[in-house]
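Enquirer:
In our numbering, the protein residues as written are 5 to 175.
1) Measuring CB to CB, does residue 132 end up less than 8 Å from residue 125?
2) Does the beta-carbon distance from residue 37 to residue 101 come in below 8 Å?
3) In three-state DSSP terms, what is residue 155?
4) Using 8 Å as the cut-off, can you tell me whether the segment 24-33 makes contact with the segment 106-117, which would need three or more C-beta pairs spanning the two stretches below that distance?
5) Strictly by DSSP, which residues pair up with residue 37?
6) What distance in whole Å lies between the Cβ atoms of residue 80 and residue 33, which are believed to be in contact at a cut-off of 8 Å?
7) My understanding is that residue 127 touches residue 23, with C-beta atoms under 8 Å, so please give their C-beta distance in whole angstroms.
8) Compare the Cα-Cα distances from residue 84 to each of 62, 40, 58, 63 and report the closest residue.
9) Give the list of continuous beta strand (DSSP E) stretches no shorter than 3 residues that lie fully inside the segment 80-163.
10) Relative to the alpha-carbon of residue 61, which residue among 143, 99, 151, 48 has its alpha-carbon at the smallest distance?
11) Pull up the DSSP beta-bridge partners for residue 42, would you.
12) Counting Cβ pairs, one atom from each stretch, are 3 or more of them under 8 Å apart for the segment 85-99 and the segment 49-64?
13) If you reduce the DSSP assignment to three classes, tell me which class residue 32 lands in.
14) I'd like to check one pair, residue 93 with residue 142: are the Cβ atoms closer than 8 Å?
15) For residue 91, is the classification buried or exposed, using 16 other Cβ atoms within 10 angstroms of its Cβ as the cut-off for buried?
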């Protein structure tokens, strides 16, 4: 693998991984505040409040958070149960965006969102394409319009625009 023009070695794995943001279909949330969940994994003294706010804005959650009585300090509850599945996913998206990754992987990351919210989030994420490579796994056809290259997986084969690229064999 070549990353930033340099061959990736075992010694570079940590540096390489720090450039990746990942959002899964099911977001893990701490029993802490929204602020702590967005800045998850960042040392307390290194957290940038403005960066948390920007990430929440890009994830289309800032207005909702600002209307909560405790704002960013609102506790999400155990496993985020105080929030809907869509709100939990948007916290996960904000967490990934907070770290300003060079590669953003969205694995069914908008599956719990209504179509209106998904459209707004995809517009925000689409604006990142100039500085971030986005890899998106989705079953929603509506999401594909934001993609520049579309690949499909069917019957163990990877396709791009009607041509087979790779045969995948499971063992």
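Note that the Cβ used here is the ideal one computed from N, Cα and C, for glycine as well.
Expert: According to the structure shown:
1) Counting from 1 along the chain shown, the entry for residue 132 is found at position 128. Counting from 1 along the chain shown, the entry for residue 125 is found at position 121. In terms of Cβ geometry, residue 132 and residue 125 do not form a close pair [threshold 8 Å].
2) The residue given as residue 37 occupies position 33 in the chain shown. The residue given as residue 101 occupies position 97 in the chain shown. No, the pair does not count as a contact, with Cβ atoms beyond the cut-off.
3) Taking the first residue of the chain shown as 1, we reach residue 155 at position 151. Three-state result, residue 155: strand.
4) yes
5) Numbered from its first residue, the chain shown carries residue 37 at position 33. According to DSSP, which records beta bridges pairwise, residue 37 is partnered with 79.
6) Residue 33 sits at position 29 when you count from the first residue of the chain shown. Residue 80 sits at position 76 when you count from the first residue of the chain shown. Confirmed, Cβ separation roughly 5 Å.
7) Counting from one through the chain shown, the residue named residue 127 turns up at place 123. Counting from one through the chain shown, the residue named residue 23 turns up at place 19. Residue 127 to residue 23, Cβ: 24 Å. No contact.
8) Here residue 84 is taken as the residue at index 80 of the chain shown, counted from 1. Minimum Cα distance to residue 84 is reached at 40.
9) For secondary structure counted as the beta strand (DSSP E) over 3 or more consecutive residues, the segment 80-163 holds these complete runs in sequence order: 107-111, 137-141, 155-158.
10) Walking along the chain shown from the start, residue 61 turns up at place 57. Among 143, 99, 151, 48, the Cα nearest to that of residue 61 is on 99.
11) Sequence index remark: in the chain shown, residue 42 carries index 38 (1-based). Under DSSP, no beta-bridge partner is assigned to residue 42.
12) yes
13) In the chain shown, counting from the first residue as 1, residue 32 sits at position 28. Residue 32: coil per DSSP, three-state reduction.
14) For the purposes of this step, residue 142 is taken as residue 138 along the chain shown, with counting starting at 1. For the purposes of this step, residue 93 is taken as residue 89 along the chain shown, with counting starting at 1. No, they are not a contact pair.
15) If you number the chain shown from 1, residue 91 lands on position 87. So residue 91 counts as buried.
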